Amino acid sequence: MPTIYLAGPEVFLPDAQIVMGEKRRLARSFGFEPTGPGSDENQAPVGQLTAAAIYQRNDGAMRRADICLANITPFRGISADPGTVYEIGFMIALGKRVWAYTNHPDDYGTRVRSIWYSGLEIDESSGRPRGPDGMSIENHGKADNLMIDLGIEEGGGRVIRAVALPADPERDLAAYTEALRHLRG
Numbered sequence: 001m002p003t004i005y006l007a008g009p010e011v012f013l014p015d016a017q018i019v020m021g022e023k024r025r026l027a028r029s030f031g032f033e034p035t036g037p038g039s040d041e042n043q044a045p046v047g048q049l050t051a052a053a054i055y056q057r058n059d060g061a062m063r064r065a066d067i068c069l070a071n072i073t074p075f076r077g078i079s080a081d082p083g084t085v086y087e088i089g090f091m092i093a094l095g096k097r098v099w100a101y102t103n104h105p106d107d108y109g110t111r112v113r114s115i116w117y118s119g120l121e122i123d124e125s126s127g128r129p130r131g132p133d134g135m136s137i138e139n140h141g142k143a144d145n146l147m148i149d150l151g152i153e154e155g156g157g158r159v160i161r162a163v164a165l166p167a168d169p170e171r172d173l174a175a176y177t178e179a180l181r182h183l184r185g
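Here it is as structure tokens:
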């Protein structure tokens, strides 16, 4: 049974164990053995572990895993959780198969405009959109920063996007389930 590292910010939810338990159950139903944060081997309460211990157990789980499936739904802002982004890059560097999903249907550039610069004027005069602070707006049609999406795609993975924003994007598992279905083949 291939091992799948489940990366994502679910560990921060107040009901993290319930959500991650359901993700583990679904992964197993598709023929994968889940590993990583919230997996069966990582059940020691995080509050009792040092930052170094958490890092070491996640590092070991990533090295042992065959595949990474990462939740890049925007977390505390307009982009993916930075820890998850680290895990994606690390797994790619290890030569592992990486896939991702997001519960937000909009492109990253659209989110920058509608959330970060909400209600503010965007300068389109140069052919490269810029916010009122002069910063250019990445506009490549990707789910997140182009380095995340293309790093995944260049390695043969895919980013699955929800068709519409679910009522509870932090807990909705439809895009996650679709990604598992594609990974299983």
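No gaps in the numbering here: position 16 of the sequence shown is 16 in this note's numbering, and each next residue is one more.
Don't be surprised by glycine CBs; every beta carbon is placed ideally from N, CA and C.
A quick note: this is a predicted structure, and the numbers were derived from the prediction, not measured.
A179 is the residue among I137, A179 and D59 whose C-alpha sits nearest the C-alpha of A162. Contact between the region 26-39 and the region 102-112 is absent: fewer than three C-beta pairs spanning the two stretches fall below 8 Å. In the DSSP annotation of this structure, E10 is not part of any beta strand (DSSP E), being labelled neither H nor E. As a beta-bridge residue in DSSP terms, W99 pairs with L69.
Taking a cut-off of 8 Å for Cβ pairs, the region 98-109 and the region 125-142 touch, as three or more such pairs fall below it. Its chain contains Y101 as the residues whose beta carbon lies nearer than 6 Å to that of Y176, once the 5 sequence neighbours on both sides are disregarded; these appear in chain order. No Cβ-Cβ contact shorter than 8 Å links T84 with N103. Secondary-structure assignment with DSSP links P34 through a beta bridge to I4. Spatial neighbours of E121 in its own chain (CB-CB distance under 8 Å, excluding positions within 5 residues in sequence) are listed in chain order as P132. If you draw a 10 Å sphere on the C-beta of Y55, you find fewer than 16 other C-beta atoms in it, and that means exposed. If you draw a straight line from the Cα of V159 to the Cα of A53, it comes to about 30 Å.
C-alpha of P9 to C-alpha of V19: approximately 11 Å in a straight line. Going by beta carbons, G31 and M1 fall inside the 8 Å limit.
In the DSSP assignment, D123 forms a beta bridge with R130. Secondary structure note for R161: its beta strand (DSSP E) is the uninterrupted segment V159 to R161.
Looking at the DSSP output, S136 sits in a beta bridge with R130. In the structure shown, G156 falls within a coil segment according to DSSP collapsed to helix, strand and coil.
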